[in-house]
Amino acid sequence: MTREHLTEEEIQRRIASDPDAPEATDAQLAQAKPFSEAFPDLADRMRKNVGGRPRSDNPKVAVSIRLDREVVEKFKADGPGWQTRVNEALRKAVGA
Numbered sequence: 001m002t003r004e005h006l007t008e009e010e011i012q013r014r015i016a017s018d019p020d021a022p023e024a025t026d027a028q029l030a031q032a033k034p035f036s037e038a039f040p041d042l043a044d045r046m047r048k049n050v051g052g053r054p055r056s057d058n059p060k061v062a063v064s065i066r067l068d069r070e071v072v073e074k075f076k077a078d079g080p081g082w083q084t085r086v087n088e089a090l091r092k093a094v095g096a
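Just so you know, we're using UniProt numbering here: the sequence shown kicks off at 1 and counts up by one.
Here's what the structure looks like:
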């Protein structure tokens, strides 16, 4: 992805040409409130509803490990969930 480097003049021209998104005035900025103050109920619901999986009581730890190609290929050949199966094999190996 390349970024377009704009001059200040071009930035101001683009702002002025968009009637749906005018630049905020100093007076508007002086009256601005943080989102959580302007919409406390919505902000609270958003904090509680972060999405994704529920937090685990025993979260996994991300690691980088080098394994023999044949080992990885064998686990992957059995389909999705291969990393979980590697974890299970390691748990067995350490008696956990």
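Built from N, CA and C at the ideal position, the CB exists for glycine as well.
Treat the numbers as computed from the prediction; the structure is a model and nothing was measured.
- The Cβ atoms of Val86 and Phe75 lie closer than 7 Å to each other.
- Asp44 carries a helical assignment under DSSP once its states are collapsed to helix, strand and coil.
- Taken atom to atom, the span from the alpha-carbon of Pro19 to that of Asp26 is near 18 Å.
- Taken through DSSP and simplified to helix, strand or coil, Lys33 comes out as coil.
- Counting along the chain, no alpha helix (DSSP H) covers Asn58, and no H or E run does either.
- A Cβ-Cβ contact shorter than 7 Å links Phe35 with Ala43.
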